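S.K.:
There are 4 protein chains.
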Amino acid sequence: MKTLGVGLIGTGYMGKCHALAWNAVKAVFGDVARPRLVHLAEIDAQLAAARATEFGFEKATADWRALIADPDVDVVSVTTPNQFHPEMAIAALEAGKHVWCEKPMAPAYADAERMLAAARASGRVAALGYNYIQNPVMRHIRTLLDEGAIGAVNHIRVEMDEDFMADPEAFFYWKSEGTSGYGALDDFAVHPLSLLWYLFGHVEAVIADMTKPYLDRPLQHGGRRAVENHDAASVLVRLSGGISAVLMANRAAWGRKGRITLQIFGSKGSILYDQERMNEFELYQADGRATEQGFRKVLAAPAHRPYDRFIPAPGHGLGFNDLKIIECHELIRAISGEPASIVTFEDGLRIEKSVHAMAESFHQRRWIEIG
Amino acid sequence: MKTLGVGLIGTGYMGKCHALAWNAVKAVFGDVARPRLVHLAEIDAQLAAARATEFGFEKATADWRALIADPDVDVVSVTTPNQFHPEMAIAALEAGKHVWCEKPMAPAYADAERMLAAARASGRVAALGYNYIQNPVMRHIRTLLDEGAIGAVNHIRVEMDEDFMADPEAFFYWKSEGTSGYGALDDFAVHPLSLLWYLFGHVEAVIADMTKPYLDRPLQHGGRRAVENHDAASVLVRLSGGISAVLMANRAAWGRKGRITLQIFGSKGSILYDQERMNEFELYQADGRATEQGFRKVLAAPAHRPYDRFIPAPGHGLGFNDLKIIECHELIRAISGEPASIVTFEDGLRIEKSVHAMAESFHQRRWIEIG
Amino acid sequence: MKTLGVGLIGTGYMGKCHALAWNAVKAVFGDVARPRLVHLAEIDAQLAAARATEFGFEKATADWRALIADPDVDVVSVTTPNQFHPEMAIAALEAGKHVWCEKPMAPAYADAERMLAAARASGRVAALGYNYIQNPVMRHIRTLLDEGAIGAVNHIRVEMDEDFMADPEAFFYWKSEGTSGYGALDDFAVHPLSLLWYLFGHVEAVIADMTKPYLDRPLQHGGRRAVENHDAASVLVRLSGGISAVLMANRAAWGRKGRITLQIFGSKGSILYDQERMNEFELYQADGRATEQGFRKVLAAPAHRPYDRFIPAPGHGLGFNDLKIIECHELIRAISGEPASIVTFEDGLRIEKSVHAMAESFHQRRWIEIG
Amino acid sequence: MKTLGVGLIGTGYMGKCHALAWNAVKAVFGDVARPRLVHLAEIDAQLAAARATEFGFEKATADWRALIADPDVDVVSVTTPNQFHPEMAIAALEAGKHVWCEKPMAPAYADAERMLAAARASGRVAALGYNYIQNPVMRHIRTLLDEGAIGAVNHIRVEMDEDFMADPEAFFYWKSEGTSGYGALDDFAVHPLSLLWYLFGHVEAVIADMTKPYLDRPLQHGGRRAVENHDAASVLVRLSGGISAVLMANRAAWGRKGRITLQIFGSKGSILYDQERMNEFELYQADGRATEQGFRKVLAAPAHRPYDRFIPAPGHGLGFNDLKIIECHELIRAISGEPASIVTFEDGLRIEKSVHAMAESFHQRRWIEIG
């Protein structure tokens, strides 16, 4: 494979995370070509130039279309705010670039559908940034499930909680606007949904409850403004095969910082996971003497691939940014035509479809089946 | 107050627990009269005699009606299987006895209503065995909520899980019969409901999903029999004031032994609790520097009344049976006309009403409002 | 066996704990005679009478010698401050009573030796209150060690920490006087030593370091007084067979309330225990795939005898006071001539000998071998 | 500052870790010049070439002296086995290069002294790889100690345990040879010693016990060979100011993978840390009501600098390799003449001096004072 030319649009939270991954992927994995960091776009030319220097990109621009038009760019990282994803991703695909777009695809389902159509038409790789599925621990959980280590799964609970909306006196900002989306559901319930999808396949039916912990918030220059979406959502879910699940998301959960928990119950055992301790999982297997049965806390280790590409010793711990390096590696493999574990636009659309169904089920106060 | 004459019907799991409480309550608390253990009833005369000797009761009988007719008996502990509760409790109340009946009141709601009517007619104390609310830790959680330690509560999650139905090849027995009840819901979701009631008041609206992890079970003499109720239930709940909650119960949850967890989210902090570690709770308060904010794990201590009546040193730990001693003490106080924290038949009926509403919401696949 | 007549001297912390055990042991275990609570002694006649009523004793006295002279008393619980143990225990043994004396035996080693001599001369059961070894979890740890579940043990760490001496501005009181003992070492390091003895046998060589976190403390009426003993002690230990251990005790350890931890390392695995979570232990066994190896957290369950005598369901939890009930049951078995797990005065003397050796090793700044 | 030319000798465990850090440091921190990856040395030319491609180095060599002679190289990462450190580090310093050498300095103390002499003579930055002190959590613990958050520290316990030597039937290899060092003491007790040094300063007196869990090990081609050093070591320690500490290290501790725990007790509170959960620490402060006192578990967050340079959201987690990036950043600052937190050869020599004193105290069975 020839050198892969990289373009990066956006350099905020996830933009920097992409940049770190592009810088590290060759040194970590060795088995792919070193990407060439070609072009970086930011909203402001000066900022773009500064970031290009920091992140090691050759060119900088305030015009993302110039980046997409750059013939040296083969793949584009789209890490801008969600509303810009459709336009940028579609333009990049139409220009024949591969696309690595941060989740979610788009606030509007129709836009997400257009993105998928563009991806299909392009024949390029179109992947979404759902890095939690790349955790070696999560991969191993899937292996355990596939092997039947806990038998047939019959019930799942998944929670995602943070507290960045927990302060009732924090100023109103765009995350509380209705145009930004439903709130907790699409702001981050898509993450646990990506885990459900990765481990168990798609959601078939849902009914959701959603609440506003705070009805209004102060404005910076006085007065208060009504909150327009819901910071907490809880959903009864049916997966294929009649498996029941409960999905809970709360971005106003004081004390929770990056919590995504899984409780998976099967006919022979159970598995537990908590993203705040992402280098561990717990496994209960119902065998042996009753006097020694218990949840086994397993620490991430080289035997959980590809942890070994980062550290040869067990229990030393990967970090959040390392997951993006693994995702980057999978993306490169996909671009090279090798088998890879990525969330395609097709997968992503299905995830977002279930989010919209959840919101609908709340407003209609009834179960919604997803076709 | 004169000596309280005690009758005990049933000597199984909870029967023994009552017996231990009646034996210990005076020595632990000191401020009540020592109960006189008068009469014990079991299904078999020989067993009754043996247990009376063990538990320190004066008389034994295989005829529970004889116990109820005993003029030396002032209060009757009813700890038999659920279907016998109505007949025994009503007979005892009608005989002018106080009643301490294990939860739930009755499999059929109409029977529970008759029990309440009998209690009202009798003017006696009619209390239910909901010992988890008696934990000094739980009492302190209520104090914290009342004091506003975590501000206004806006979201709650409560889980109750055990694994006694988790083995798919365990023989079919009465707990899987439809006549025994809905399954997880009334078998033990009443416990977390008692906590919700104790801390937050009553449930106003519900929608439940229920599942059968295993469709059938082997019979002891060959063949298999279809399971008739649901081992797992998940419920979206609205409490008064629009607070949202999620209630999850699973008696087929491998690895869970006596788990009842609470996650309580408020405008100023959060509280966590897990019954498997009943001598602890966690408190997050959103104040002070960001660099030191975190969940504080508090160990049960004498300052959490009435822990001090058991042990003068912190962190030494109460046990499950100690909660029943506290409940017994509250019952004696109620009988003596003093302020007491018990779950009356009135409270219990409301708890059971919400259980029936949950089952109805599942069958009708819609939200049910509770009057 | 005829009814066992019980005398109780002292009704403070451990006195009440004994009283609760004597009240409960028959109802819990069933297989022993119900003790007759005959005589209770306290320093003040009025207090004695009040406590006798509370705890269910027939007679009360301010003269403990009267209690020992009572022909209806067969066994005497000695729960007074440590300096009174020798006189009372020896008098009781000389009067032909069995003795159940709280640890430690005596501040002075010579007094402890006299107690042992009296026990030997009497032919009676002379047991010490070391209830932590009675935990069903601890018993099971011994079973696992005996079975070789973790292979040959080669290293042990044991910690005991509380914080009742942690406040530097708490008033000086008798626990800081040199006459009360060495400080942390004999005040509570005897507890972890009882666990080492129970699980591994006797200590053979020691070298200790001891420190005074605070050199003086305020007096209630002004001024300060120098602290005379050591609140923290750390000891390098050799057990028989060359096994190395580290014993650490600190009664000024902020945040520790009733912590006693064990870390036991063997050739095939490890075992962990923490008294603050006394209904759990952790077991690591080096077998199976590397991808699932981890510490298994096992919850106390009926299969861990005699937990089943208290509660038929796993994971529901015993309390600190329940351990004393088990100890009481073992004592009654010993008195009845049945095999029993108690700490005799002989065992206790050996434990205290090692404490004195530790103190000596600190003062001499060298290893001390224990004969 | 001009571009920094980097040479890397060794590409194993820590070699790769250095390479990842050199690749990432500019993108993470932004405020330093992007290093130029000039020259890489490995024992074999082909391997050197392959690794140079992977890690992004311009030149590769099998002759480390060529690398040191390279005028484009300004700083040399020395990550070879310990016995090669003195020769390479001294040669690099003599050639006017800055040196970043992995710990420990050298198996022999005299060699370490020569390294320090070379560093002093060179006037270059000579830093050791002690990355655990770079954890934002550890930095914050130091801040808390400096601020007096837990008052005056009086007692410390530190443990370092892994299980790579725990299998008694693993083949004998060089780590069990006496020439490799004392065993647990210098193999990894230097890490916890670096934490003690970082937080509290230097060790003043020690007495150690050391044990061989297994006396011999199988050889690959049959027979067994005696183990020549000690896999477990426990040390009583006195720090300056009379603070007592206990240091425990065990490389045969089944189930421990990367455990380094700290327990720090002060006059106003306590701090706990465990490297296996490196994104957390626990803080107990003895203030407020007794009913809410407890250990607060704090998750790493942007407010713990420089976590914010990696991730803008709290609780998302850094990894082991990220610590090396922070160390790399500090090194570059030191080279640039800015204030930096590194472990110099001077600091490292003092750490190693205390290790040698520990070994001596074991062999002489007495306390050793360190000048």
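Protein chains in written order, with this note's numbering: chain A, 1188 to 1558; chain B, 1188 to 1558; chain C, 1188 to 1558; chain D, 1188 to 1558.
The C-beta atom is built at its ideal place from N, Cα and C for all residues, glycine as well.
Please read all numbers here as calculations on a predicted model, not as lab measurements.
1. Using beta carbons (cut-off 9 Å, strictly below), is Leu1426 of chain C in contact with chain A?
2. At least one CB of chain C closer than 9 Å to the CB of Leu1505 of chain B: is that the case?
3. Anything in the segment 1475-1494 of chain A with a Cβ closer than 7 Å to a Cβ of chain C? List those residues in chain order, please.
4. In chain order, what residues of the same chain lie with their CB nearer than 7 Å to the CB of Asn1508 of chain B, ignoring the 5 residues before and after it?
5. With DSSP run on the structure shown, which of helix, strand or coil describes Arg1446 of chain D?
6. If distances are taken between C-alpha atoms only, which option among A:Tyr1360, A:Gly1535, A:Ala1371, A:Leu1382 comes closest to Pro1405 of chain A?
7. Leaving aside the five residues before and after Ala1293 of chain B along the sequence, list all residues of the same chain whose C-beta is less than 7 Å from its C-beta, in chain order.
8. What does the Cβ neighbour count give for Glu1289 of chain B, buried or exposed, with the cut at 16 atoms within 10 Å?
9. Are there 16 or more other CB atoms within 10 angstroms of the CB of Pro1291 of chain A, so buried, or fewer, so exposed?
10. Of all the CB atoms in chain C, is at least one closer than 9 Å to the CB of Cys1288 of chain B?
11. Return the chain-ordered ranges of every alpha helix (DSSP H) run that is complete within the segment 1235-1304 of chain A and spans a minimum of 4 residues.
12. Does the Cβ of Gly1504 of chain D lie closer than 8 Å to at least one heavy atom of the ligand MN?
13. What is the DSSP secondary structure of Phe1351 of chain C, counted as helix, strand or coil?
14. Could you give the DSSP three-state label for Ser1454 of chain B: helix, strand or coil?
15. For chain C, check one thing: does any of its Cβ atoms lie closer than 9 Å to the Cβ of Met1201 of chain D?
16. Check each residue of the segment 1365-1386 of chain D: if its Cβ is closer than 7 Å to any Cβ of chain C, include it; give the result in chain order.
17. Pull up the distance between the alpha-carbon of Leu1402 of chain A and that of Ile1343 of chain D, whole angstroms please.
18. How is Pro1379 of chain A classed by DSSP in three states: helix, strand or coil?
19. Between Thr1330 of chain A and chain C, is the shortest Cβ-Cβ distance under 9 Å, so that the two count as touching?
20. Should the segment 1430-1450 of chain D be called in touch with the segment 1365-1376 of chain D, which here means at least 3 C-beta pairs below 8 Å?
21. What does the Cβ neighbour count give for Pro1258 of chain D, buried or exposed, with the cut at 16 atoms within 10 Å?
22. Can you tell me where the alpha helix (DSSP H) with Glu1229 of chain A in it begins and where it stops?
23. Arg1411 of chain D: buried (16+ other C-beta within 10 angstroms of its C-beta) or exposed?
24. Does the beta-carbon of Gly1475 of chain C have 16 or more other beta-carbons within 10 angstroms, so that it is buried, or is it exposed?
25. Along the chain, where does the alpha helix (DSSP H) that runs through Leu1191 of chain B open and close?
26. Against Ile1196 of chain C, what residues of chain D qualify as contacts under a CB-to-CB distance less than 9 Å, listed in chain order?
27. In this structure, how does DSSP classify Asn1341 of chain B when only helix, strand and coil are distinguished?
28. In its own chain, which residues sit with a C-beta less than 8 Å from the C-beta of Lys1540 of chain D, not counting the 5 before and 5 after it?
29. Compute the distance between the beta-carbons of Ala1279 of chain C and Ile1255 of chain C, then report whether it is under 9 Å.
30. How close, in whole Å, do the beta carbons of Tyr1319 of chain D and Leu1382 of chain D come, if the pair is a contact with beta carbons under 8 Å?
31. Three or more C-beta pairs under 8 Å: does that hold for the segment 1193-1204 of chain A against the segment 1215-1235 of chain A?
32. Return the CA-CA distance between Val1263 of chain C and Trp1554 of chain C, expressed in angstroms with no decimal places.
33. Between the Cα of Thr1266 of chain B and those of B:Ala1544, B:Leu1234, B:Asp1418, B:Met1201, spot the shortest distance and give me the residue it belongs to.
34. Quick one: using the 10 Å Cβ neighbour count with 16 as the cut-off for buried, is Lys1399 of chain A buried or exposed?
35. In terms of residue numbering, what span does the alpha helix (DSSP H) encompassing Arg1404 of chain C cover?
36. Using a Cβ cut-off of 9 Å (strictly closer), state whether Ala1336 of chain C contacts chain A.
M.R.: On the basis of the coordinates in this document:
1. Not closer than 9 Å to any Cβ of chain A, the Cβ of Leu1426 of chain C fails to qualify, so no.
2. Yes, Leu1505 of chain B lies at the interface with chain C (some Cβ there is under 9 Å from its Cβ).
3. Against chain C - using a Cβ distance shorter than 7 Å - the residues of the segment 1475-1494 of chain A are Ala1477, Thr1478, Glu1479, Gln1480, Gly1481, Phe1482, Arg1483, Lys1484, Val1485, Leu1486, Ala1488, Ala1490, His1491.
4. Taken in chain order, the residues that qualify are Cys1204, Leu1207.
5. Annotated three-state conformation of Arg1446 of chain D is strand, per DSSP.
6. Nearest option by C-alpha distance: A:Tyr1360.
7. If we look at Ala1293 of chain B and ignore the five residues flanking it on each side, its Cβ neighbours are Asn1269, His1272, Pro1273, Ala1299, Met1302.
8. Its Cβ being crowded by 16 or more others within 10 Å, Glu1289 of chain B is buried.
9. Label assigned to Pro1291 of chain A: buried.
10. The beta carbon of Cys1288 of chain B sits no closer than 9 Å to any beta carbon of chain C.
11. Under the rule that a run must span 4 or more residues, the alpha helix (DSSP H) segments found entirely inside the segment 1235-1304 of chain A read 1251-1256, 1272-1281.
12. With respect to the ligand MN, the structure offers nothing, as it holds no ligand at all.
13. Of the three classes helix, strand and coil, the one that applies to Phe1351 of chain C here is coil, per DSSP.
14. Judged by DSSP in its simplified three-state form, Ser1454 of chain B adopts coil rather than helix or strand.
15. It does not; no Cβ of chain C falls within 9 Å.
16. Against chain C - using a Cβ distance shorter than 7 Å - the segment 1365-1386 of chain D contributes no residues.
17. Rounded to whole angstroms, Leu1402 of chain A to Ile1343 of chain D spans 49 Å at the Cα level.
18. Secondary structure of Pro1379 of chain A (DSSP, three-state): helix.
19. Taking 9 Å as the threshold, the shortest C-beta distance from Thr1330 of chain A to chain C falls below it.
20. Verdict: yes, contact present.
21. Under this definition Pro1258 of chain D is an exposed residue.
22. According to the DSSP assignment, Glu1229 of chain A belongs to no alpha helix (DSSP H), since it is labelled neither H nor E.
23. By the neighbour-count rule (16 or more Cβ atoms within 10 Å), Arg1411 of chain D is not buried but exposed.
24. Residue burial annotation: Gly1475 of chain C is exposed, with fewer than 16 other C-beta atoms found within 10 angstroms of its C-beta.
25. Annotation for Leu1191 of chain B: no alpha helix (DSSP H) segment contains it, and DSSP assigns it neither H nor E.
26. The premise fails here: Ile1196 of chain C is roughly 31 Å from chain D at the closest Cβ pair, so nothing lies under 9 Å.
27. If DSSP states are grouped into helix, strand and coil, Asn1341 of chain B belongs with the strands.
28. Result list for Lys1540 of chain D: Tyr1296, Ile1557, in chain order.
29. For the pair Ala1279 of chain C and Ile1255 of chain C, the CB atoms are nearer than the 9 Å cut-off.
30. With a Cβ gap of about 6 Å, Tyr1319 of chain D and Leu1382 of chain D count as contacting.
31. Three or more beta-carbon pairs drawn from the segment 1193-1204 of chain A and the segment 1215-1235 of chain A are found closer than 8 Å, and the two stretches are therefore classed as touching.
32. If you draw a straight line from the Cα of Val1263 of chain C to the Cα of Trp1554 of chain C, it is about 39 Å long.
33. The residue from B:Ala1544, B:Leu1234, B:Asp1418, B:Met1201 with its alpha-carbon nearest to that of Thr1266 of chain B is B:Met1201.
34. Burial call: buried.
35. Per DSSP, Arg1404 of chain C belongs to no alpha helix (DSSP H); it is in the beta strand (DSSP E), 1403-1405.
36. By this cut-off, Ala1336 of chain C is an interface position.
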